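**Student:** The opening residue of the sequence shown carries number 9 in the working numbering; numbering runs sequentially from there.
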Amino acid sequence: MCDGCDTDTRKSGLRELEGLCIECWRERALLAENGQMFYFTFGNSGKQVFEGGWVRIKALTFGEAVEKFKARYGERAMRDNFVNCASMYTEEEFKQTGMAEKGNLGGFEQDYIEIGG
Ligand SMILES: [Zn+2]
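#1: Rounded to the nearest angstrom, what separates Gln44 and Gly115 at their Cα positions?
#2: What are the uninterrupted segments assigned as beta strand (DSSP E) that are 3 or more residues long and contained completely in the segment 60-106, given in chain order?
#3: For Thr49, does the three-state DSSP call read helix, strand or coil?
#4: With a CB to CB cut of under 8 Å and the five nearest residues on each side skipped, what residues in its chain are close to Cys13?
#5: If we call anything under 8 Å between Cβ atoms a contact, is Phe50 one with Ala73?
#6: How long is the line joining the alpha carbons of Glu1 and Ala37, rounded to whole angstroms?
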């Protein structure tokens, strides 16, 4: 049984590696190598890094995304020890908000931080 997608690997005949079917294992290996997208959204308080919209960050983990955000925006990135944004989403979660199509408080992607950037 695959831990990622619950496919019965014995029934489907898929190879299993480290508790994952070959499909999920490949996906995880790709993520580990290339990272994934995180989205930090902004409100309209006038006190955050941007007004509305979001910053897209390519990173391996949430923690790394926060580090990149801090490196890019310096003092403005944090406020009272919290990341100075409205919400943080993984790509999957962000898709579900519908913001990619509708925008967030009139804003769209404000900035993109690449790996190593
Ligand atoms: Zn799987």
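Glycine included, every Cβ here is placed at the ideal spot set by N, Cα and C.
Please read these numbers as outputs of a predicted model, since none were measured by experiment.
**Tutor:** Concretely, from the data shown:
#1: Indexing the sequence shown from 1 puts residue 44 at position 36. Indexing the sequence shown from 1 puts residue 115 at position 107. Rounded to whole angstroms, Gln44 to Gly115 spans 22 Å at the Cα level.
#2: 62-67, 95-98
#3: Here the question's residue 49 lines up with position 41 in the sequence shown. Three-state DSSP puts Thr49 in a strand.
#4: Position 5 of the sequence shown, counted from the start, is the residue given in the question as residue 13. Cβ within range, chain order: Cys29, Glu31, Cys32.
#5: Taking the first residue of the sequence shown as 1, we reach residue 50 at position 42. Taking the first residue of the sequence shown as 1, we reach residue 73 at position 65. Not in contact: Phe50 and Ala73 (Cβ atoms no closer than 8 Å).
#6: Beyond the ends of the chain as shown, which are 9 and 125, falls residue 1; an answer cannot be given.
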